[in-house]
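Working notes, beginning with the structure itself.
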Amino acid sequence: MKMTTLAQLVGIGTGALYLEFESKSSLVEELLRDGTRVMAQDVARRLSMGKHDPTKLSDVYLVGAEVLFADPFYTAAFLDPDGVLGDAVASMHQDRYKTRHDGLRDYLHELSEAGLLKEGVDLEGLALTMSSYTIGLLTAARILGPISAEHLRASLITMADLLGGLERIPSAHVEVPEAYSQMLNRLTKENLDD
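This note's numbering numbers the first residue of the sequence shown as 178 and each following residue consecutively.
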C-alpha cells in the first residue's frame with residue numbers, strides 16, 4: 178500500500194503524512210499501536226455489557242476475536258502477510274510479544290486461583306499454547322498460503338471452544354480477576370507509551 182493510498186484512507190494530504198511520519202513503516206507502527214489500544218478498550222466495553230461473562234476465558238477470547246474482525250486494518254495483518262501489515266508484524270520487537278505473554282500467564286494464574294479453570298490445567302503450558310497460537314496465526318498465511326477471513330474466524334472460534342473445555346463453573350459469584358483489567362490496561366498503556 179502506498180503512502181498516497183494511506184493518505185486517502187485517512188482523509189489527509191500525502192505531504193501531511195510525510196511531515197508527521199518519517200516512513201511508511203513508522204506510520205503503520207503508529208496505526209497498529211493505536212488500533213491495539215482502541216481494541217483493548219472495545220473488548221472491555223463489550224464485556225461490561227453483560228452479553229458475555231468476563232470471568233470466562235472462552236468469552237474473553239471470543240470477544241477479542243469479534244473485536245479483531247470488526248477492524249479490517251488488524252484483520253489484514255493475519256490475511257495479507259506480504260502486505261504492509263504483514264511486514265510490520267514480522268518486524269515487531271520480540272519484547273512486545275514477551276510482555277503480552279507474561280500478562281496472559283498472570284491472567285491464567287489468577288483465573289486458576291479463582292477456581293475458574295479445571296484442576297490440573299498446566300498454566301505455563303496453556304499460556305505458551307495461546308501465545309504460540311496467536312504468533313502462528315500471524316505467520317500462517319505466509320507459510321501455508323492464503324487464508325480466507327472465514328477460515329480465520331473459524332479458527333478463532335475453535336480456539337475459544339477449546340478454551341471453554343478448560344473452564345470450571347464456580348460454585349459462587351466470582352469477581353472479574355484483577356489480572357484481566359491489568360492485561361487490558363497494559364495493552365492500552367503499552368500502545369500509548371511506545
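Glycine included, C-beta positions come from ideal geometry on N, C-alpha and C.
- Between the region 234-244 and the region 203-213, the count of Cβ pairs shorter than 8 Å is below three; the stretches do not touch.
- Per DSSP, reduced to three states, the secondary structure at Leu-294 is strand.
- Exclusion of the five residues before and after Asp-219 leaves Val-244, Ala-247 as the residues of its chain whose Cβ lies within less than 8 Å of its Cβ.
- Comparing C-alpha distances from Glu-344 to each of Lys-233, Leu-256, Phe-255, Ala-318 shows the shortest one belongs to Lys-233.
- Here Ser-235 is buried, its C-beta having at least 16 other C-beta atoms within 10 Å.
- For Glu-199, no alpha helix (DSSP H) segment is defined, and its DSSP state is neither H nor E.
- The three-state reading of DSSP puts Glu-352 in coil, since its state is none of H, G, I, E or B.
- Counted as a single uninterrupted DSSP element, the alpha helix (DSSP H) harbouring Gly-341 occupies residues 326-341.
- Boundaries of the alpha helix (DSSP H) around Asp-236: 234-246.
- Between the alpha carbons of Met-336 and Asp-272 lies a distance of about 24 Å.
- Contact between Leu-294 and Leu-288 holds: CB atoms are separated by about 5 Å, below the 8 Å threshold.
- By the neighbour-count criterion, in which a residue is buried when 16 or more other Cβ atoms sit within 10 angstroms of its Cβ, Met-226 is exposed.
- Ala-331 sits exposed, since fewer than 16 C-beta atoms from the chains shown fall within 10 Å of its C-beta.
- The Cβ atoms of Leu-300 and Leu-285 lie closer than 8 Å to each other.
- Closest in C-alpha terms to Ala-291, from the list Glu-355, Ile-334, Ser-200, Arg-222, comes Glu-355.
- Taking C-beta separations shorter than 8 Å and ignoring five residues to either side along the sequence, the partners of Leu-256 in its chain run Ala-318, Pro-323, Ile-324, Ser-325, Ala-326, Leu-329, following chain order.
- Listed in chain order, the non-local C-beta contacts of Leu-208 below 7 Å within the same chain comprise Phe-250, local neighbours out to five positions each way being set aside.
- The closest CA to that of Leu-333, considering only Ser-200, Gly-192, Thr-311, Ala-304, is found on Thr-311.
- By the CB criterion at 8 Å, Pro-231 and Leu-239 fall outside the cutoff.
- With a 10 Å radius around the Cβ and a threshold of 16 neighbouring Cβ atoms, Leu-303 comes out buried.
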